[in-house]
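To keep things clear, I will list the structure first and then write my remarks on it.
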Amino acid sequence: MNHGLFKLVYSCLRKMHVAVADFACAHGSGPDMRVAGTRNAPPPLLLRPLVAAAMLCFGGLVVVVPTWAQIVAVPGSGAQVLQAQNGVAQVNIAKPSGAGVS
29 MNHGLFKLVY SCLRKMHVAV ADFACAHGSG PDMRVAGTRN APPPLLLRPL VAAAMLCFGG
89 LVVVVPTWAQ IVAVPGSGAQ VLQAQNGVAQ VNIAKPSGAG VS
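Heads up: the sequence shown is residues 29 to 130, going by the numbering used here.
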């Protein structure tokens, strides 16, 4: 009946808000322990074409602008960036010290 509804309840065990089913009850009997479920209302019909047009315009910028990436080892870190025989970059990380820091 209420498919898609959920509510956020604070979990003392996890120290964070957790999404639970809309029919779930909190442990305890206080009125402040219950949180009402919320449903996200769909955007107005007028806004949908505007959002679609914006996504079409600005989404094309990602495809048009080429980008290049490069692997660079930080100087003094002990890491080495080498070229493997098959052409891919091979990163050799320094052996960790006794404290566990590489």
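We put the CB at the ideal spot given by N, CA and C, even for glycine.
Limits of the beta strand (DSSP E) - the one that residue i falls within
| i | result |
| --- | --- |
| N120 | A117 to N120 |
| A49 | M44 to A49 |
| V129 | Here V129 belongs to no beta strand (DSSP E), and DSSP marks it neither H nor E. |
| Q108 | Q108 to Q111 |
Own chain, CB closer than 6 Å to residue i, minus 5 neighbours either side, in chain order
| i | result |
| --- | --- |
| Q111 | none |
| A81 | none |
Residue i Cβ short of 7 Å to the ligand GDP heavy atom set
| i | result |
| --- | --- |
| V79 | The ligand GDP is absent from the structure shown, which contains no ligand whatsoever. |
Residue i, DSSP secondary structure in three states
| i | result |
| --- | --- |
| L33 | coil |
| V102 | coil |
Nearest to residue i (by Cα), restricted to the options the options
| i | options | result |
| --- | --- | --- |
| A97 | D50, I121 and A117 | A117 |
| A52 | I99, F34, A122 and K43 | F34 |
| V100 | N120, P124, S125 and G128 | N120 |
Own chain partners of residue i with C-beta closer than 8 Å, once the 5 adjacent residues on each side are dropped
| i | result |
| --- | --- |
| G115 | none |
Cβ shell of residue i (< 7 Å), same chain only, five flanking positions each side left out
| i | result |
| --- | --- |
| A107 | A101, V119, N120, I121 and A122 |
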